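Take a look at the structure below.
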Amino acid sequence: MGERRDGNIVILTGAGISKESGLDTFRDADGIWAKVRLEDVATPEAFIRDPARVHDFYNGRRQRLASGEVEPNAAHLALVRLEAEWPGEVLVVTQNVDNLHERAGSRNLIHMHGEHLKARCDACGVIFAWEADLSVGLVCDSCGTSGGLRPHVVWFGEMPLEMERIYAALDACALFVSIGTSGNVHPAAGFIEQVRLGDGAQTVELNLEPSEGASRFHTAEYGPATKIVPAFVERLLSEGL
Ligand code: BJW
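Take any residue in the sequence shown, count from 1 to its spot, add 160: that is its number in my numbering.
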């Protein structure tokens, strides 16, 4: 990093940024996939096989967010500061389905794996703001179909959201920062490769430990997000790229 104080920034975030707010990651030893099998709750096939089981899994997680008991942390807030003070565009692309980035104040934000606090009708595609529990017998307010309402999240085998906009931003960025993601899930795990195809963009990993793709980044810092993200933002704003 050096003198430049311009250029667009793309920040990819994963479950690690919300860990210190009290939300479980997926693949850590105490993570979600240590407690439930992803094949039972996070695929379209699981939803067809046992929709009540899938609703139950998401209802519990949605309730925690809707209750307001989970707060954004210093890492979410540091990214809001970056968006406010950096002279170029700052785009946060999150794999997280929680709402902590927007509650912290991030505005330029893409939820590529969907959002807990939304439901979608499989029959008509309409997306609803949704804080209550979902259940099998619910009727869609828009098309009247029964049983089609599902969590507005991206399951394995489904296409993540807003990919065209994300790849355009990756191709045009001067800095790509990956925060709190293990680099196991595609296509997000391949964003580093996409950025490295272009010339000149700096790439930084900020994580508790080296991710699957760690060796592809120019620089990395390891530690809890609430410590390393605010420090990184402070340095970037004072020293530039
Ligand atoms: C801290 C910390 C602290 C802890 N501070 N850090 C090969 C190539 C390309 C694709 C595939 C492939 N093989 C298979 C695929 C497909 C599949 C895939 O990637 N599978 C892999 C498992 C191999 N991908 C898909 O299916 C995706 N769709 C797709 O590819 O579409 C293309 C297509 C579709 C159809 C036809 C043709 C093409 C969709 C993926 C959907 C993922 N969905 C989930 C669930 C969302 C809903 C929910 O929340 O329930 O998204 S799975 C889960 O993993 C969730 C997350 O967003 C995602 C990523 O996890 P993340 O964020 O990285 O969390 P962790 O737990 O893995 O890591 C946390 C990290 O934080 C760790 O490193 C910790 O160290 C760190 N950490 N505490 C800082 N305090």
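Ideal placement from N, C-alpha and C gives every residue a C-beta, glycine not left out.
Remember, it's a predicted structure, so these values are computed and weren't measured experimentally.
Where Phe-377 is concerned, there is no enclosing beta strand (DSSP E), because DSSP gives it neither an H nor an E. Contact check for Glu-275 against Asn-233 fails: the beta carbons are separated by 9 Å or more.
Here the alpha carbon of Glu-381 sits roughly 14 Å from the alpha carbon of Glu-394.
Under the three-state reduction of DSSP, Thr-305 is assigned to coil, being neither helix nor strand. Exclusion of Tyr-327 from the 8 Å shell around ligand 1 follows from its C-beta lying no nearer than that to any non-hydrogen atom of the ligand. For the set Ser-338, Glu-324, Phe-351 and Ala-374, the Cα lying nearest the Cα of Thr-173 is the one of Ser-338. Approximately 16 Å separates the beta-carbon atoms of Ala-349 and Ile-177; this is outside 8 Å, ruling out the contact. Between the alpha carbons of Pro-320 and Met-272 lies a gap of roughly 5 Å.
Leu-242 sits away from Ile-287, with the two beta carbons spaced by 9 Å or more. Of all alpha-carbon atoms in Pro-247, His-236, Leu-225 and Arg-222, the one lying nearest the alpha-carbon of Lys-387 is that of His-236. Within a 10 Å sphere around the beta-carbon of Ile-352 sit 16 or more other beta-carbons, which makes this residue buried.
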